[in-house]
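Residue numbers (this note's numbering): 1349 to 1425.
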């Protein structure tokens, strides 16, 4: 099974959502990507359809935007 990808920016909203996602689907089923620190992954997230973080990209390519923390444009600066 392919992993989901959880994109976040490290803000309190994102960290809280990260903990919930890991508890729900298991750490072995999700890749955690902090786009504030790993800025090379921002373009990847945008191409996948991520408009704001925190967001979960499912293995089927669906983007689930979770409890708005920041737009990707804000993260890019």
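Note that beta-carbon positions come from the ideal geometry of N, C-alpha and C, so glycine has one too.
Whole angstroms are fine: how far does the CA of residue j sit from the CA of residue i?
i	j	result
residue 1407	residue 1381	15 angstroms
residue 1367	residue 1404	13 angstroms
residue 1350	residue 1358	24 angstroms
residue 1410	residue 1424	22 angstroms
Does residue i come out as helix, strand or coil in the three-state DSSP assignment?
i	result
residue 1407	coil
residue 1415	strand
residue 1370	helix
residue 1381	strand
Around the Cβ of residue i, are there at least 16 other Cβ atoms within 10 angstroms (buried) or fewer (exposed)?
i	result
residue 1402	buried
residue 1393	buried
Output yes or no for whether 8 angstroms exceeds the beta carbon distance between residue i and residue j.
i	j	result
residue 1420	residue 1399	yes
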